[in-house]
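Shown next, in structure tokens, is the structure this report addresses.
Next comes the structure, spelled out in structure tokens:
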């Protein structure tokens, strides 16, 4: 999904496998795992802590409170993990470039070292604004809506809260909503993170989230921002289900042991 949103043409799984082999689907895996170490733990941990604290202050937990907490904790987690996000995008995108334009990264350590020495520390936060904006939306449309869906499915479908059926249905529902809401920002973030200066002017083609979205929409059409939506939703929905079910299993195990 990142590859499609970074380039003007659509790229399928079959195209990537045919051109670069099956293992190329896992390019950037190390950076992606490191990113989750910082991003996922920060946003999920902060959300529950801040939500519970807000409940203590207000005496209730409503959807408005979940929205505010989800947006704030999502943006904070994104800023913390942005260096690993840039490294992940660079590694994933490198294999799709023409041979003459590739940076030929050898691994996560090589990516981090070369970005720092060749472009400076600021490059680690290139695209941090759309990443934080997207993460704020993810905090709302994934975490906050999932928290809300768990109540709705318990009330209307009699799926007891904090059970696997409840978590699965809530995760797939929130995954669809946040995929639709965040895909344009995901596309903008990827294009900004992987861009190179113009060879003639030396200027970067994309300077902000809105400018990137306007440029892509004008040159390729608005729907170009949704190139790769199906694999993006597959990732988002599948990731949401696996993540929250794993959290639920670990929570039950921790509770049973304490």
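Residue numbers (my numbering): 4 to 261. Yeah, the Cβ is synthetic: ideal placement off N, Cα and C, and Gly gets one too.
For residue 9, three-class secondary structure by DSSP: Translated into the one-based positions of the chain shown, residue 9 becomes position 6. The predicted model places residue 9 with a pLDDT of 48, which falls under 50 and marks its position as unreliable; any figure quoted below should be read in that light. Three-state result, residue 9: helix.
Segment contact flag, the region 144-152 with the region 103-113, C-beta cutoff 8 Å, min 3 pairs: Contact between the region 144-152 and the region 103-113 is absent, because fewer than three Cβ pairs lie under 8 Å.
8 Å Cβ cutoff met for residue 140 and residue 188: Translated into positions along the chain shown, residue 140 becomes position 137. Translated into positions along the chain shown, residue 188 becomes position 185. In contact: residue 140 and residue 188 (Cβ atoms closer than 8 Å).
Reduced DSSP secondary structure (H/G/I, E/B, other) of residue 256: Position 253 of the chain shown holds residue 256. The answer is helix: DSSP assigns residue 256 an H, G or I state.
Integer Cβ distance of residue 240 from residue 178, believed to fall under 8 Å: Residue mapping note: residue 240 aligns to position 237 of the chain shown, counting from 1. Residue mapping note: residue 178 aligns to position 175 of the chain shown, counting from 1. Right, the Cβ-Cβ distance comes to about 4 Å (below 8 Å), so this counts as a contact.
Local Cβ density within 10 Å of residue 90, reported as buried at 16 or more and exposed below that: Position 87 of the chain shown, counted from the start, is the residue given in the question as residue 90. By the neighbour-count criterion, in which a residue is buried when 16 or more other Cβ atoms sit within 10 angstroms of its Cβ, residue 90 is buried.
Buried or exposed by the 16-neighbour rule on C-beta atoms within 10 Å, applied to residue 66: Reading the chain shown from its first residue, position 63 is the one you call residue 66. Its Cβ having fewer than 16 others within 10 Å, residue 66 is exposed.
Beta-carbon spacing of residue 85, residue 131 below 8 Å: Mapped onto the chain shown, residue 85 falls at position 82. Mapped onto the chain shown, residue 131 falls at position 128. Taking 8 Å as the Cβ cut-off, residue 85 and residue 131 qualify as a contacting pair.
The region 160-176 in contact with the region 194-211 per 3-pair CB rule at 8 Å: no
Assumed close pair residue 76, residue 100 - CB separation to whole angstroms, cut-off 8 Å: The sequence position of residue 76 within the chain shown is 73, counting from 1. The sequence position of residue 100 within the chain shown is 97, counting from 1. Contact flag wrong, Cβ pair sits at about 35 Å.
Cβ pair residue 70, residue 54 closer than 8 Å: Here residue 70 corresponds to residue number 67 of the chain shown, with the count starting at 1. Here residue 54 corresponds to residue number 51 of the chain shown, with the count starting at 1. Going by C-beta atoms, residue 70 is not nearer than 8 Å to residue 54.
Reduced DSSP secondary structure (H/G/I, E/B, other) of residue 222: Along the chain shown, read from residue 1 onward, the residue named residue 222 stands at position 219. Helix.
Secondary structure of residue 48, DSSP reduced to three states: Working through the chain shown from its first residue, we reach residue 48 at position 45. Here residue 48 sits in helix by DSSP.
Cβ neighbours of residue 129 in the same chain (closer than 7 Å, five flanking residues each side left out): Counted from its first residue, the chain shown places residue 129 at position 126. 89, 195 and 196.
For residue 192 and residue 250, the rounded distance between their alpha carbons: The count along the chain shown starts at 1 and reaches residue 250 at position 247. The count along the chain shown starts at 1 and reaches residue 192 at position 189. So the alpha carbons of these two residues sit roughly 28 Å apart.
Endpoints, the alpha helix (DSSP H) within which residue 25 is located: Start at 1 with the first residue of the chain shown, and residue 25 comes out as number 22. First-last for residue 25: undefined, no H or E at that position.
Opening and closing residue of the alpha helix (DSSP H) in which residue 204 lies: As a first step, residue 204 must be located in the chain shown, where it is residue number 201. That residue, residue 204, is in no alpha helix (DSSP H); it is neither H nor E in DSSP.
Endpoints, the alpha helix (DSSP H) within which residue 169 is located: Residue 169 sits at position 166 when you count from the first residue of the chain shown. Where residue 169 is concerned, the enclosing alpha helix (DSSP H) stretches over 167-197.
Straight-line Cα distance separating residue 247 from residue 57: As a working note, residue 57 is residue 54 in the chain shown. As a working note, residue 247 is residue 244 in the chain shown. Their backbone Cα atoms lie some 22 Å apart in a straight line.
Candidates 79, 122, 244 and 22, of which the one nearest residue 149 by Cα: On the chain shown, residue 149 is found 146 positions in, with the first residue counted as 1. For the residues 79, 122, 244 and 22, the minimum Cα distance to residue 149 belongs to 244.
Residue 52 classed as buried or exposed, judged by whether at least 16 other C-beta atoms fall within 10 angstroms: On the chain shown, residue 52 is found 49 positions in, with the first residue counted as 1. The residue in question, residue 52, is exposed, as its Cβ has fewer than 16 Cβ neighbours within 10 Å.
Buried versus exposed call for residue 35 [16 or more other C-beta atoms within 10 Å across all chains shown]: Position 32 of the chain shown, counting from 1, holds the residue named residue 35. Note on residue 35: 16 or more other CB atoms within 10 angstroms of its CB, so buried under the neighbour-count rule.
Residue 123, DSSP secondary structure in three states: The count along the chain shown starts at 1 and reaches residue 123 at position 120. Of the three classes helix, strand and coil, the one that applies to residue 123 here is coil, per DSSP.
Start and end residues, alpha helix (DSSP H) containing residue 141: By 1-based counting over the chain shown, the position of residue 141 is 138. Note, residue 141: alpha helix (DSSP H), 131-141.
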